[in-house]
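Quick note, in this note's numbering, the sequence shown goes up one by one and the last residue is 764.
Cβ coordinates follow ideal geometry from the N, Cα and C atoms, glycine included.
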Amino acid sequence: MSWLVQDKIYEDNKVLLKNESLFNVSNGYIGVRGNFEEGYEAGFDTIRGTYLNAFYEVEPITYGEKLYGFPDTKQKILNVIDSQTIHLYIEGEYFSLHQGEVLDFTRTLDMKEGSVTRSIHWRSPKGHEVKITIERLASFNTLELFLIRYTVEAVNFDGEIKFLSSVDGDIVNYTDETDPRTGGGHGKCYEQYDAKVVENMIQVSTTTIHSKLKATCTCHHHLNETCELNFEKHERKVTAIISTDIERSQKITLTKYNVYTDDRRHERPEEDGKELLKKVIYREFDFYLDEQIQYLKKFWKSADITIQGDEDLQQGIHYNVYQLLQSVGKDKYSNIAAKGMSGEGYEGHYFWDTEIYIFPFFLLTQPELAKKLLIYRHSILDGARNRAKEMGHERGALYPWRTINGDECSPFFPAGTAQYHINADIAYAVIQYYMITRDTEFMIHYGAEILFETARLWADIGHFHHNQFMIHSVTGPDEYTCVVDNNYYTNVMAKHNLKWAYKMYELLKDQSNHMTTIIESMELTKEEVEKWQKAYENMYLPYDKALGINPQDDTFLTKKIWEISSIPKNKFPLLLNYHPLLIYRYQICKQADTVLAHFLLEDEQGYETIEKSYHYYENITTHDSSLSFGVFSIMAAKVGEEQKAYDYFMKSARLDLDDHHGNTKHGIHTANMGGTYLGIVYGFGGLRIKEDIASLNPKKPSKWQEYAFKFIYQGRLVKVIVKENRIEILLEEGEALDIKVYEKVYTLESKLHIDLA
């Protein structure tokens, strides 16, 4: 059952909203929320949504007082053409779960099949009894394809059934002006609509008001029996009316093929949609279901994590990993939104969440997808260069804090643009990619240029003071402490960025004509690169001798501590209940900041400093961000606090399935899901990727019988099994390699057994 997520609730509105997110079907391009095809009765709330990754509208940002450099506009992901709707009439009676009698209801997500199924046994008010099975999937192989198979079985009658299946372009976005984490602005984002029937195919297109982007849904219906087909056309919507007779015990199946195209990816969305639809309709639903199964079989081969001893946790891990796959953009236009493809929370923006919390999962299990995430960042590099100039920097690139198309979307600069660490986070991911893959060609064509331009930015924003390189007026990951000098996280990550930019220049400068062209076009000189070397070698990293910790910034420890235990429970999260300035005046953290730096770059400090810092910040962190639990779990494991590591981990592992934050209705928390993966592999597994070797320091939570995970390192697939008194490490693919386990280096040729007794 750990491969299934099931639900039997259909009348609780709060649960229905949550489940619309949980039971989404997505493939990284298309995302469809788990709405009922027939909708709900009046009085029930819904966030009915279909999304295309990186398909957005541009909206003006309204300021009371606008200063220089504030972004004029923002982008937001759009709720696009709705192809979910199918209404069923049985002998003239409308099927609804809120009418008649529901004899059985089960909704199932199958993470090995890549599909969601609703199974319903229903008796109409007049006594007509049917069994209904509705299956849906978003194809991992044909990303434009969303499929519904709707099967009706007559239990106790002969008669007529009728399907009214719609494709509707008259769609609005969800808005909630009271919550900064959800979409604001206008819900209505389209100015042009085109709804038509072509060769018995429905085609609906919409064009946005400001971005002028066009999306098209092309739809075909197939019934397994002779039927009467008519169309009802409106300006923005077309409905197919499909009628047929059914006999007792007979099954009638309607398959609805929906192909989505947009003009970011298709030069001719309408023509391309028709051509693709004509190809896919020659295959039945089972063909695409089998494709899903084969795709996922390959995916789980490297991505699966097994835990013996806790079935609910095992289900949570499978769910989190599966949702990461559903969320990841698979082309140069897209990345991973904060809510994946399951909702409109944070307006579909891409954050640093991708590089620090989610990217490691793909890097260690699906490196080709990891590469595409970095190629997306390279594709918006020119925009980052322009943003740097807009922010007053002569050279370099400043990546946007939140974006879709590469332009900054954050109007609140203290907790947005001021988070310059986004540059170092992206650079960190590039460096990790190189260390794990040794993909020199990628570095020549993409990675090195990112490193060089981000290093330039640090050289420009920073300055030397008493022979130490300092960085002022920035915000670290902790958004409850803004615009500070020498944020430890920012400085140490910038140091890493500068160091590797210097190393990569020395490594690649004479490697290829392409590299020479990049260096020449950037007017990059040896003198400039040597300045990077001087900056990283003399980077100032705050340290407090009395406490033996790294202060979060220069003034953090001078502030009064706000005792978390004194804050009423109904006042969390603080950002929704207190003015930012009040929060900024205290030692209180929204999430891991210095503690996160100690995880990512642990060799920059001694163990004692890391341990003391962990304990200090643990007492003043609210974990109002879902990003926090996974990091604290990792560091608790590092400092030997097994129970705390486990407790933090459990808060993240089923955060969405159990709706711990109460806002899953707005979409899943993809960064938290990545953090859960990190908690197992980097936390309990103790995996670290160093420049010269991969190392492991596994620990087994006492509540687990054993656990296992896999990772890809320099072309090898390695499996790690952690038992009570024994570690097994298997080389499943690739040539022998050296690996460090508990500080001892072993040569892994096929299998290692390390007894712990």
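Contacting residues, own chain, Cβ-Cβ under 6 Å from residue i (five flanking each side not counted)
i: R40; result: E27, N31 and G56
i: Y714; result: I314 and V729
i: S659; result: F636, G637, N679, G682 and T683
i: I16; result: V22
i: E611; result: V499
i: L505; result: A462, W465, W539, A542 and Y543
i: F580; result: Note on residue identity: the sequence assigns Pro, not Phe, to residue 580. Cβ neighbours of P580 beyond the five flanking positions: D631.
i: V646; result: E618 and Y621
i: T671; result: K25, S28 and D663
i: T158; result: T140, K258 and T260
i: I209; result: V174, C226 and V245
8 Å contact criterion, which residue i and residue j should meet: CB distance rounded
i: S633; j: A678; result: 7 Å
i: G316; j: S33; result: That belief does not hold up - the Cβ atoms of G316 and S33 are roughly 31 Å apart, past 8 Å.
i: I248; j: E239; result: 6 Å
i: T215; j: E354; result: Between E354 and T215 the Cβ distance is about 14 Å, and since that is not below 8 Å, they are no contact.
i: G166; j: V179; result: Wrong, their Cβ atoms sit about 37 Å apart, outside the cutoff.
i: I127; j: D111; result: 7 Å
i: E739; j: L724; result: 4 Å
i: I429; j: W408; result: 6 Å
i: L303; j: G483; result: That belief does not hold up - the Cβ atoms of L303 and G483 are roughly 38 Å apart, past 8 Å.
i: R243; j: Y181; result: In fact, because the Cβ distance is near 19 Å, the residues do not count as touching under 8 Å.
i: L370; j: A391; result: In fact, because the Cβ distance is near 22 Å, the residues do not count as touching under 8 Å.
i: V727; j: L703; result: 6 Å
i: S572; j: H325; result: Going by Cβ atoms, the distance from S572 to H325 rounds to 36 Å, so no, they are not a contact pair.
Straight-line Cα distance separating residue j from residue i
i: D279; j: A222; result: 11 Å
i: Y487; j: L759; result: 46 Å
i: D79; j: D414; result: 10 Å
i: S172; j: G76; result: 48 Å
i: S218; j: K83; result: 10 Å
i: I627; j: P708; result: 26 Å
i: N60; j: A145; result: 13 Å
i: N163; j: S131; result: 11 Å
i: R114; j: G350; result: 19 Å
i: N327; j: K533; result: 46 Å
i: Y547; j: G555; result: 16 Å
i: I468; j: K717; result: 40 Å
i: K133; j: P587; result: 59 Å
i: Y364; j: S256; result: 51 Å
i: H473; j: K706; result: 44 Å
i: V4; j: W359; result: The structure shown does not extend to residue 4, since the chain is modelled only from 8 to 764, so the question has no answer here.
i: R394; j: I687; result: 37 Å
i: K81; j: E235; result: 47 Å
Host alpha helix (DSSP H) of residue i (start-end)
i: N392; result: This sequence places Arg at residue 392; Asn is not what is there. Note, R392: alpha helix (DSSP H), L388 to E397.
i: I468; result: A455 to I468
i: D293; result: F292 to A310
i: T361; result: Element bounds for T361: n/a, residue is neither H nor E.
i: E535; result: K533 to E544
Neighbourhood of residue i by C-beta, 8 Å cutoff - its chain only, sequence neighbours within 5 removed
i: T53; result: L23, L24, E27, N42, G46 and Y47
i: E151; result: Y36, I37, V266, Y267, T268, G280 and L283
i: I700; result: D745, I746, K747 and V752
i: A431; result: T461, W465, T497, M500, A501, H503 and N504
i: E615; result: G555
i: E535; result: R463 and A466
Spatially closest choice to residue i from the options, by CA coordinates
i: I813; options: Y593, N557, Q559 and D560; result: Absent from the structure is residue 813, since the part of the chain shown begins at 8 and ends at 764.
i: E18; options: E731, H105 and I139; result: H105
i: H452; options: C489, K566 and N520; result: N520
i: D560; options: K552, D492, N626 and I590; result: D492
i: K258; options: L144, I139 and D177; result: I139
i: H356; options: Y621, H667, S334 and K697; result: S334
i: W507; options: E136, E698 and K285; result: E698
i: K597; options: L607, L608, Y585 and F606; result: Y585
i: L154; options: K73, Y264 and T233; result: Y264
i: G722; options: E530, Y441, G669 and D270; result: Y441
Close-in-space but distant-in-sequence residues of the same chain around residue i (CB under 7 Å, 5 per side omitted)
i: T361; result: N342, I343 and L380
i: R156; result: E142, T260, T262 and F292
i: F89; result: Before going further, note that residue 89 is Asp rather than Phe in the sequence given. Closer than 7 Å at Cβ, skipping near neighbours: R55, T57, D175 and I178.
The beta strand (DSSP E) enclosing residue i, as first and last residue numbers
i: M208; result: M208 to T215
i: M477; result: Q475 to M477
i: I253; result: K244 to I253
i: E66; result: T57 to P67
i: G765; result: As displayed, the chain neither begins before 8 nor continues past 764, which places residue 765 out of reach and without an answer.
i: T53; result: First-last for T53: undefined, no H or E at that position.
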